[in-house]
Amino acid sequence: MWSHKKRVERDLARWRQAGWVTADGETAIRADLARSGGLTLATVLSMLAAVLLAFAIMSFVGANWQDMSKLLRLGLLFGALWGVTIAAGAFFQRGMDGFGHASAMLGSAIFGANIMLISQMYNMDGNAPDAMLLWAAGALVSGLMFRSGPTLALSMVLVCFWAGWETSQRDEVFWAFLPAWAVVSAGFYWLGWRPGVHLSGLALAAFIIFFGHIWHGGHQHVIVTALGLALIGASIAGEKFLPDLTALWPAAFSYALAITFAGLLALQFDGNPPLDVFTALALFTLALMLVAIWWGLKTNNRGALWLGYIGFSIEILSVYQKTVGSLIGTSLFFLVAGVIVAALAFMAYRLNARQHQMESIT
Amino acid sequence: MSLSMSRNGWIAVGLVAALQSAALVWMIAGRISLLKSGREMIVEVIPVDPRDLFRGEYVILGYTFSGTGDTTLPAGTKRGDRVYTTLKQGEGSKWDVASVTPTFPEKVDPGHAVLSGYASDVWNNTEQARVVGRIRYGIETYFVPEGRGRDLETQVREKKIEAVLAVSSSGEAAIKALVVDGKRIHEEPLF
Chain F
7 MWSHKKRVER DLARWRQAGW VTADGETAIR ADLARSGGLT LATVLSMLAA VLLAFAIMSF
67 VGANWQDMSK LLRLGLLFGA LWGVTIAAGA FFQRGMDGFG HASAMLGSAI FGANIMLISQ
127 MYNMDGNAPD AMLLWAAGAL VSGLMFRSGP TLALSMVLVC FWAGWETSQR DEVFWAFLPA
187 WAVVSAGFYW LGWRPGVHLS GLALAAFIIF FGHIWHGGHQ HVIVTALGLA LIGASIAGEK
247 FLPDLTALWP AAFSYALAIT FAGLLALQFD GNPPLDVFTA LALFTLALML VAIWWGLKTN
307 NRGALWLGYI GFSIEILSVY QKTVGSLIGT SLFFLVAGVI VAALAFMAYR LNARQHQMES
367 IT
Chain P
222 MSLSMSRNGW IAVGLVAALQ SAALVWMIAG RISLLKSGRE MIVEVIPVDP RDLFRGEYVI
282 LGYTFSGTGD TTLPAGTKRG DRVYTTLKQG EGSKWDVASV TPTFPEKVDP GHAVLSGYAS
342 DVWNNTEQAR VVGRIRYGIE TYFVPEGRGR DLETQVREKK IEAVLAVSSS GEAAIKALVV
402 DGKRIHEEPL F
């Protein structure tokens, strides 16, 4: 929200100079910007005050918890839940969306705390991930009802914890993650909340990478790599044929690239492939990272650009670590390193030329 | 976001708070009905770590039927799978495993009890070609009031501990109270 405001202010000055916006119009737009929320010092300070007060109340309740009757404790838990939820509604109604989102999230956090405290009060010691899923569902309902992206994000994080916990208890792929992921992701899409779409991408990428390590005893990295490459292809095709979804494709490309890279890395270093296979994989990985950097520059996809650079560096370091010590390995490493440095030099040249070009345009 | 229409906004508030509250009430109601109407059985407790039984605010409890590596699980049982343990009463409050099945047994001997649990650890006994493991029933921890742990620890040392369980017809179990030397301690009120 902040960066949007800054950007509009910068553009406003330019538009005003160009004569597209009248002085009255500019004042009106500025007033509207100021009204539409955003973080002000007063907002930040009052949020901090709310956090401090919450801590004061929590420690007071905590200190007297044992002396309260069960009924009083339950009353407190439900009272807190209703109080904060009503506060969220009141903030949203007054257009104080920042406070509204914070209260909605706090309400869902209290819902989770209530689940745990009730479990403790009644000595419920069942399957702990079930409690996590219930919590995620509560946050999902709140996120959808209040149309609150941050609350939905809490739900997605909880879904991930739930799936991770279940996976660690079972040693097998936890497929139930996918429908839960899809429901929360659909929520993000419905809200059109961009950070949420990124969170979805991150969660799915992590699931696919873990899948390669777990499914049928692990070592399914060929599938992970193939899936990643297919997703890269889909994101490039999507950008071409469905360009309306502008926010989706560059992000999808980056996550697909991360999946592919993780798969390739595992193929090379998890297990012990023969040297010729290893060499082919290493060269393919390096080439793919170069392509990603080129694509990132071409399409102004900064995520892909940085992932390409990082992947490139990790790959070189990993190859070095693995091959150094054996004679043929070391010579291979220097060969690869030579190719890489040459490629980097070429890229730097291109980057430079491109910047010059951009500067001459503006 | 904007809940521009005020009526819809308050409906959202009501639905969120009501649905979340309903989930919590459902948790509590299920537990209270189990404690109230479940079949009561008194079982012997094996202290898991006798020197530090009351660590902080809760007790970790083990049972003769928790499976310590010699309990045969159904073939093909994986970690995290649900299992049903049929118990037969031994001496006093000692209950022993009669059988472990992947589904609720169709016929239960009146003197037997069935607990539902899940396999928390599974390993293959290759010598005897069978699957053995450990089972959790959700009755392995019991919370005690803060600060009472140490006091109880000295009380409990070298004494016989039993747990009073309430068991539902589907095998779900809950701890009603702890019994030390035949005396009930910490029977929690329902509300």
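Chains F and P are the protein sequences, given in the same order.
Just so you know, we're using the numbering used here here: the first sequence kicks off at 7 and counts up by one.
Just so you know, we're using the numbering used here here: the second sequence kicks off at 222 and counts up by one.
By construction, the Cβ of each residue, glycine as well, lies at the ideal position given by its N, Cα and C atoms.
The three-state secondary structure of P:LYS257, taken from DSSP, is helix.
F:MET162 is classed as buried because its beta carbon has at least 16 other beta carbons within 10 Å across all chains shown.
Using a C-beta cut-off of 8 Å, the region 129-143 of chain F makes no contact with the region 90-99 of chain F, since fewer than three inter-stretch Cβ pairs fall below that distance. Annotated as distal: P:LEU308 and P:ASP302, with beta-carbon spacing of 9 Å or more. When the alpha-carbon of F:LEU338 is set against those of F:LEU311, F:LEU289 and F:VAL27, the nearest one is in F:LEU289. Note on P:THR324: under 16 other CB atoms within 10 angstroms of its CB, so exposed under the neighbour-count rule.
No residue range can be given for P:GLU408, since it is assigned to no beta strand (DSSP E) and is classified by DSSP as neither H nor E.
Interface annotation, P:PHE364: in contact with chain F, CB-CB separation under 9 Å.
Looking only at F:PHE117, F:ALA24, F:ASP177 and F:GLY193, the smallest Cα-Cα distance to F:HIS222 is reached by F:ASP177.
Contact with chain P is absent for F:VAL163, since none of that chain's Cβ atoms lies less than 9 Å from the residue's Cβ. Listed in chain order, the positions of the region 321-345 of chain P with a beta carbon within less than 9 Å of a beta carbon of chain F are TYR339 and SER341.
Residue-level contact check: F:ASP38 does not touch chain P, since none of the beta carbons of chain P fall below 9 Å from its beta carbon. A buried status is given to P:LYS397, since no fewer than 16 other beta-carbon atoms sit within 10 Å of its beta-carbon. Of the candidates F:GLY224, F:MET122 and F:LEU270, the residue whose Cα lies closest to the Cα of F:ALA293 is F:LEU270.
A contact between stretches requires three or more CB pairs, one per stretch, nearer than 8 Å, and the region 122-134 of chain F fails this requirement with the region 96-109 of chain F. Under the three-pair Cβ rule at 8 Å, the region 210-227 of chain F counts as touching the region 178-187 of chain F.
Within the same chain, GLY193 come within 6 Å of F:LEU150 by CB-CB distance, once the 5 residues on both sides are set aside. At least 9 Å separates the CB of P:LYS380 from every CB of chain F. In this structure the region 191-206 of chain F lies against the region 252-271 of chain F, because at least three pairs of beta carbons, one per stretch, are closer than 8 Å. Chain order gives the chain F residues near P:GLY359 as MET130, ASP131, GLY132 and ASN133, where near means a beta carbon separation below 8 Å. Among the residues of chain F, none has a CB under 7 Å from the CB of P:VAL266; the nearest is roughly 14 Å distant. Per DSSP, the beta bridge partners of P:VAL352 are P:LEU294 and P:ASN345.
The criterion of a C-beta distance shorter than 9 Å is satisfied by P:VAL343 and P:LYS299.
Neighbourhood of P:LEU240 in chain F, by CB distance below 8 Å: GLY144 and VAL147, in chain order.
The C-beta of P:PRO295 comes no closer than 9 Å to any C-beta of chain F. With fewer than 16 other beta carbons inside 10 angstroms of its own, F:TRP196 counts as exposed. Taken in chain order, the whole alpha helix (DSSP H) runs of length 4 or more contained in the region 267-335 of chain F are 281-305 and 308-329.
Nearest to F:LEU83 by alpha-carbon distance, out of F:ILE124, F:GLY101 and F:ALA96, is F:ILE124.
DSSP places F:THR91 in the uninterrupted alpha helix (DSSP H) bounded by 76-99. Just so you know, the alpha carbons of P:MET262 and P:ILE253 end up roughly 16 Å apart. Assignment of F:ARG16 by DSSP, reduced to helix, strand and coil, places it in the helix class. Neighbours of F:ARG200 in chain P, taken as residues whose beta carbon is under 8 Å from its own, are absent, since the nearest beta carbon is some 14 Å off. CA-CA distance, P:GLY313 to F:LEU139, rounds to 40 Å.
The beta carbon of F:ILE299 is closer than 8 Å to those of ALA310, LEU311, GLY314, TYR315, PHE318 and MET353 in its chain, skipping five residues each way along the sequence. Between P:PHE364 and P:TYR284, the gap from beta carbon to beta carbon reaches 9 Å or more. Around the C-beta of F:ILE215, 16 or more other C-beta atoms lie within 10 Å, and the residue is accordingly described as buried.
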